[in-house]
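Under this note's numbering, the first residue of the sequence shown carries the number 94, and numbering increases by one thereafter. Where is the CB? At the ideal position from N, CA and C, for every residue including glycine.
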Amino acid sequence: MVIMNVHPINYRYGSKEMREIFDEEKKLEQQLKVETALIEALFELGKLPKEAAEIIKEKANTNFVKLERVKEIEEEIKHDVMALVKALSEVCGSAGKYVHLTATSYDIVDTAQALQIKGAIKILLEKGKELLRNCLNVCEKYRDLVMIGRTHGQHAIPITLGFKFANYVDKIGENLKRLKEDTNYISGKFSGAVGNYAAQQIYDLGDRLELKIMEKLGISSADISTQVVARENISRIICDIAIFACSVEQIAKEIRNLQRTEICELSEPFRKKQVGSSTMAQKRNPINTENICSNVRIVRSCVYPTLENIALEHERDLTNSAAERSILPTIFILMDDILIRMNKVIKGLVVFPENIKKNLELTKGAIMAEAVITELTKKGMGRQEAHELLRTSSIQAFSENCNLKEILLENKEITKYLNKSELDKIMDYHNYIGLSIEKTDKIIQKWKNFN
């Protein structure tokens, strides 16, 4: 049989370890792991013969239960979990009559899915921490490098490159903190058809069976459930991943914008044999940051259906199932890829200090208007009067294509308060970065030991 790779997450995006978590065979393996934990727990609670338990434990893996056979049965009976149960029962002989005892389908599905989510979040945390470290390195290396800050796409006032990345570090750190806390929302369930433990009670087990199964699997059990674990918890995790992705997108967008030919302050790393365009040989396209921005759009799109999955009817319906089959591998594999690419970009980030200096001086001192207004007000001029003077002076400097300082020194209203040496000091970019360095240091201290 020829296997076709139709969707790019099968072959293009994410790491092998992340894709494996959501691989069909791996999913089957996890579900069989849950069936094994059920059998072990039933035996330990005295509800199963030892011989039957040992046979089922031995056979409940993909060496015996083949994916092809499960699919073959599913094609016939149109029920995925019952197909697994039948395939496992087949290989267990007479012990097969105990397979799936007291369980409903979503006891297996939700609990196995919890194991998938736990493994996937672990991978995202590892790569997210790597990104945090890489951004911290940029903060430390460029904490003093003065550059122009921009608002509305226009030159504002000076900051440092370290300060710019300190903002990113704080966002990444907070996102990682939330993602780490999200592991508390991962839970399985073994409460039966509508969540009331009715089948378990026939064996006088209460919720003891559920607690024992979850202990064996290393996850917590839901405090209460219907036929399924509450979808609010999955939604919280998906929303937090989407927010994290948007924070990474902001970094990607900034690097893309600062890589523009006219700006050229930062750039993605560009390999020796890398090609930017099939026709324009000079091109150095920001392909990784563009790819990140593109995939974040897909990650964001997963939020809406996961919120729709919350309001299931009665004790559950099946409307969440098909959506989650797509949402979970999509959001985790793409987020994994986003972090891989961004780590590559930040680790090899190219900085052009000469262009940063050139761009600082583009407006010929106009970016220091606020500094002059503040000093004039401090010296006694009315704030609104100072603002109007600097506004008209800046317009004049722009129209005459000269330095703002020259215009200010010709204005007697201004020289009444400030002389040339004072203006020289005020209009030195390095003297108007505020607490950029101090704040950068504070954020470095805040997150450098995060684990």
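By the CB criterion at 7 Å, Val389 and Ala323 fall outside the cutoff. Looking from the CA of Leu310, the closest CA among Asp203, Ser514, Lys450 and Pro251 belongs to Asp203.
Taking C-alpha positions only, Ile132 is separated from Glu274 by approximately 31 Å.
Among the bridge pairs identified by DSSP, Met240 is matched with Ile252. Judged by their CB atoms, Gln124 and Leu181 are not nearer to each other than the 7 Å cut-off. By the C-beta criterion, the segment 400-416 is judged not to be in contact with the segment 339-351, since fewer than 3 inter-stretch pairs fall below 8 Å. Under the 10 Å beta carbon count, Cys495 is surrounded by fewer than 16 other beta carbons and is classified as exposed. When the alpha-carbon of Gly473 is set against those of Leu502, Lys509 and Val443, the nearest one is in Lys509.
A residue is called buried once 16 or more other Cβ atoms fall within 10 Å of its Cβ, and Tyr397, having fewer, is exposed.
When secondary structure is reduced to three states using DSSP, Val322 falls in the coil class, being assigned neither helix nor strand. In the DSSP annotation of this structure, Glu361 is not part of any alpha helix (DSSP H), being labelled neither H nor E.
For Ile114, the enclosing alpha helix (DSSP H) starts and ends at Lys109 to Ile114. Taking a cut-off of 8 Å on C-beta distances, the segment 478-485 touches the segment 453-469, as three or more cross pairs fall below it.
For Ser187, DSSP records no beta bridge to any residue. The shortest CA-to-CA distance from Pro251 to any of Glu503, Asn542, Ile279 and Gly527 is the one to Gly527. Between Tyr525 and Val239, the gap from beta carbon to beta carbon reaches 7 Å or more. In this structure, Thr195 keeps its C-beta atom at 7 Å or more from the C-beta atom of Gln320.
Take the alpha-carbon of His245 and the one of Lys498: they are about 24 Å apart. Gln477 sits exposed, since fewer than 16 C-beta atoms from the chains shown fall within 10 Å of its C-beta. For Thr253, the CB contacts under 8 Å within the same chain, skipping 5 residues up- and downstream, are Tyr235, Arg236, Asp237, Leu238, Val239, Met240, Ile526, Ser529, Ile530 and Thr533 in chain order.
For Ile279, same chain residues with a beta-carbon under 8 Å away, outside a window of 5 residues either side, are Ala207, Ile210, Lys211, Ile214, Ile312, Ser313, Asn326 and Ile330 in chain order.
Boundaries of the alpha helix (DSSP H) harbouring Leu131: Glu117 to Glu137, taken from the DSSP string. Assigned with DSSP and collapsed to three states, Ser284 falls in coil, not helix or strand. Comparing alpha-carbon positions, the option among Asn452, Phe491 and Leu511 lying closest to Ala479 turns out to be Leu511.
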